[in-house]
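What follows is a set of notes on a single structure, which appears directly below.
2 protein chains.
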Amino acid sequence: MLTEDKCPRCGCLTRRRRNPVPTVDIIIEYQDQGLVLIDRANPPHGWALPGGFVDYGESLDAAAIREAREETGLTVTLLGQFYTYSDPRRDPRQHTITTVYVAQGFGPPRAADDARSLAIFTPEQLPPVLAFDHRLILAEYLKVRPQWLAKLKNITEI
Amino acid sequence: MLTEDKCPRCGCLTRRRRNPVPTVDIIIEYQDQGLVLIDRANPPHGWALPGGFVDYGESLDAAAIREAREETGLTVTLLGQFYTYSDPRRDPRQHTITTVYVAQGFGPPRAADDARSLAIFTPEQLPPVLAFDHRLILAEYLKVRPQWLAKLKNITEI
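From first to last, the protein sequence lines stand for chains V and P.
Residues in the first sequence are numbered consecutively from 129, following my numbering.
Residues in the second sequence are numbered consecutively from 129, following my numbering.
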């Protein structure tokens, strides 16, 4: 798919290939208390996983650690990639492709950047509506959460 | 990271955010014979997994099925996502982020599009050098290949 850019000075139109935009989202397990979600400061509003755009030249791992810190104040240890979601309708702004990580969070949580506030939810108390496809992502995660918590326990005990 | 576009008519410079570019690659298991690799027609040359750029508005699954068909002539059934690789140095042309799939291939293989030729390799006979980070990807795949082949066997028997 091509997209057109219009020159702001002369109005000349140029075409270039348009690509989906890579993002990351992080499922953060926090101190046996549950999952960290942010209340988004920017549209689309609502509760969501912390996450954001991957910078050019930045690996997905680095982007996940950076975004978690920027939005929640937490230092995270990545436990692994969960899945990469790419439905073109998953983000109302544009076509984004998100790689979702599972991580363990450390330190005091503090909302910042794109997060107006944050909270820690147990699986039973998750908000019924989440931004983007994050309800689907968390539903898929909860099916296999015990395996991730076992991995977390093994890491902690080493 | 910002990138500059120069208007071809008036030379005016405009800035926009630069993002990594999403791609897919497909590890195709073909009829108990081994893995399908292509000999690339375009730089970087050499043997590689079939794959390519994800179109705007296209899911990763759809891109993987399309690229496999375009480059190898095969119809593929996706067995699942393997991993998403994002090292900024993995592609000498630009920063690409590739989601790798494992798939089963059907039909007669025929090189086309970006594939100058193709061949089916057993794990023991893989080319020592592959384009991009595909040697690493295949090394990581071969460690867990028995689990994927078991999954394939289960699907075939249903």
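Heads up, the beta-carbon is just placed ideally off N, CA and C, and yes, glycines get one too.
What is the C-beta distance between residue i and residue j, in whole angstroms, given that I count them as a contact (C-beta under 8 Å)?
i        : j        : result
P:ALA243 : P:ALA169 : 6 Å
P:VAL152 : P:GLU195 : 6 Å
V:GLN232 : V:VAL204 : 6 Å
P:TRP175 : P:PRO274 : 23 Å between Cβ atoms; not a contact.
P:GLY235 : P:LEU202 : 5 Å
V:VAL230 : V:GLY208 : 6 Å
V:ARG145 : V:ASP133 : Their Cβ separation, rounded to whole angstroms, is 12 Å, which puts V:ARG145 and V:ASP133 out of contact at 8 Å.
V:GLY139 : P:MET129 : Not quite, the Cβ-Cβ distance comes to about 27 Å (not below 8 Å), so this is no contact.
P:GLU157 : P:LEU266 : With a Cβ gap of about 12 Å, P:GLU157 and P:LEU266 do not count as contacting.
V:PRO216 : V:PRO172 : V:PRO216 to V:PRO172, Cβ: 16 Å. No contact.
Checking the sheet assignment: what are the DSSP bridge partners for residue i?
i        : result
V:GLU116 : In this structure chain V extends from 129 to 286, so residue 116 of chain V is not present and cannot be described.
V:ASP133 : V:THR142
P:SER245 : P:ASP167
P:GLY208 : P:VAL230
V:THR284 : DSSP lists no partner for V:THR284.
V:GLY174 : V:ARG168
V:ILE225 : V:PRO150
P:TYR213 : P:THR226
V:THR203 : V:PHE234
Using a 10 Å radius around the Cβ and a threshold of 16 neighbouring Cβ atoms, would you call residue i buried or exposed?
i        : result
P:PRO178 : buried
P:PHE292 : The structure shown has nothing for residue 292 of chain P, since chain P only spans 129 to 286.
P:ASN147 : buried
V:HIS223 : buried
P:SER214 : buried
P:LEU163 : buried
P:LEU188 : buried
P:PHE210 : buried
P:GLU252 : exposed
V:GLY180 : buried
P:ILE225 : buried
V:THR200 : buried
P:ILE166 : buried
V:HIS262 : buried
V:LEU141 : exposed
P:CYS135 : buried
P:ILE154 : buried
P:VAL272 : exposed
P:THR212 : buried
P:VAL257 : exposed
V:ILE283 : exposed
P:PRO237 : buried
V:GLU285 : exposed
P:LEU264 : exposed
V:PRO150 : buried
Got a sec: does the ligand FMN put a non-hydrogen atom nearer than 7 Å to the Cβ of residue i?
i        : result
V:GLN222 : Within the structure as shown, the ligand FMN is missing, as the structure has no ligands at all.
So which residues of chain B does residue i contact, with C-beta pairs closer than 8 Å?
i        : result
V:PRO136 : In summary, chain B is missing from the structure at hand, where the protein chains are V and P.
Quiz prompt | Contact set between the stretch 191 to 225 of chain V and chain P, restricted to residues whose Cβ is under 9 Å from the partner | solution = ALA191, GLN209, TYR211, THR212, TYR213, SER214, ASP215, PRO216, GLN222, HIS223, ILE225
Quiz item: Listed in chain order, which residues of the stretch 142 to 158 of chain V have Cβ atoms closer than 7 Å to some Cβ of chain P?
Solution: THR142, ARG146, ASN147, PRO148, VAL149, PRO150
Practice problem: Name, going along the chain, the residues of the stretch 227 to 250 of chain V whose beta-carbon falls closer than 8 Å to a beta-carbon of chain P. | Solution: THR227
Self-check item: Residues of the stretch 258 to 283 of chain V whose Cβ lies closer than 7 Å to any Cβ of chain P, in chain order
Solution: none
Quiz item: If you measure beta-carbon to beta-carbon, which residues of the stretch 159 to 174 of chain V are closer than 7 Å to chain P?
Solution: none
Quiz item: For the stretch 176 to 200 of chain V, which segments carrying the alpha helix (DSSP H) assignment without a break, of at least 4 residues, lie completely within its bounds, in sequence order?
Solution: 188 to 200
Practice problem: Please list the residues of the stretch 175 to 186 of chain V that have a C-beta atom closer than 9 Å to any C-beta atom in chain P, keeping them in chain order. | Solution: PHE181, VAL182, ASP183, TYR184, GLY185, GLU186
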